[in-house]
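Report on the structure given below.
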Amino acid sequence: MLTRAVLELEGYSVAVAGSAPEALDRLRDATPDLILMDIQLPGEDGLSLARRLKANPASSMIPVVALTAHAMTGDREEALHAGCVGYISKPIDTRTFGAAVGRFLQMNGDERLVAG
Numbered sequence: 007m008l009t010r011a012v013l014e015l016e017g018y019s020v021a022v023a024g025s026a027p028e029a030l031d032r033l034r035d036a037t038p039d040l041i042l043m044d045i046q047l048p049g050e051d052g053l054s055l056a057r058r059l060k061a062n063p064a065s066s067m068i069p070v071v072a073l074t075a076h077a078m079t080g081d082r083e084e085a086l087h088a089g090c091v092g093y094i095s096k097p098i099d100t101r102t103f104g105a106a107v108g109r110f111l112q113m114n115g116d117e118r119l120v121a122g
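Right under this line is the structure:
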């Protein structure tokens, strides 16, 4: 996964979940500093999962950034309405992706780890 490789090269610790159930399972074991959420997860779209995370007191404070390959009019607003703190379009720019993630972490006052 390109996003993982780029972030690890930038020095981030990255945990990956391939589906909504796997993401929820991982969140029971650890609390990441940031979640990069593909809005097209298998089984449940990422925005629905973001809404669920924001509704749960145990995960509501974890910032979520939406990732999508379908940057269409209204997508950014929909992601923000679902509780995401930001939005990144794919394909990612490997030269700027790590810095973009760093800015989202700084918004949260943290620079440790990302789940995606």
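Per my numbering, residue 7 is the first one in the sequence shown, and the count goes up by one each step.
All C-beta atoms, glycine included, are put in the ideal place defined by N, C-alpha and C.
Predicted model only: the values in this text are computed from it and were never measured.
Give the list of continuous beta strand (DSSP E) stretches no shorter than 3 residues that lie fully inside the segment 19-84. 19-21, 40-44, 70-74
Taking 8 Å as the threshold (C-beta atoms), are T74 and Q46 in contact? Yes. Within cutoff.
Span separating the alpha-carbon of V120 from that of R34: Here V120 scores only 48 on pLDDT, less than 50, and its place in the model is too uncertain to base an answer on.
Can you tell me whether A56 is buried or exposed, with buried defined as 16 or more other CB within 10 angstroms of its CB? buried
Beta-carbon within less than 6 Å of E50's beta-carbon, same chain only, minus the 5 sequence neighbours each way: which residues are those? Within the same chain, E50 has close Cβ partners A26.
Please tell me whether L59 and A72 are closer than 8 Å, where the distance is taken between their beta carbons. Using a Cβ distance threshold of 8 Å, L59 and A72 do not count as a contacting pair.
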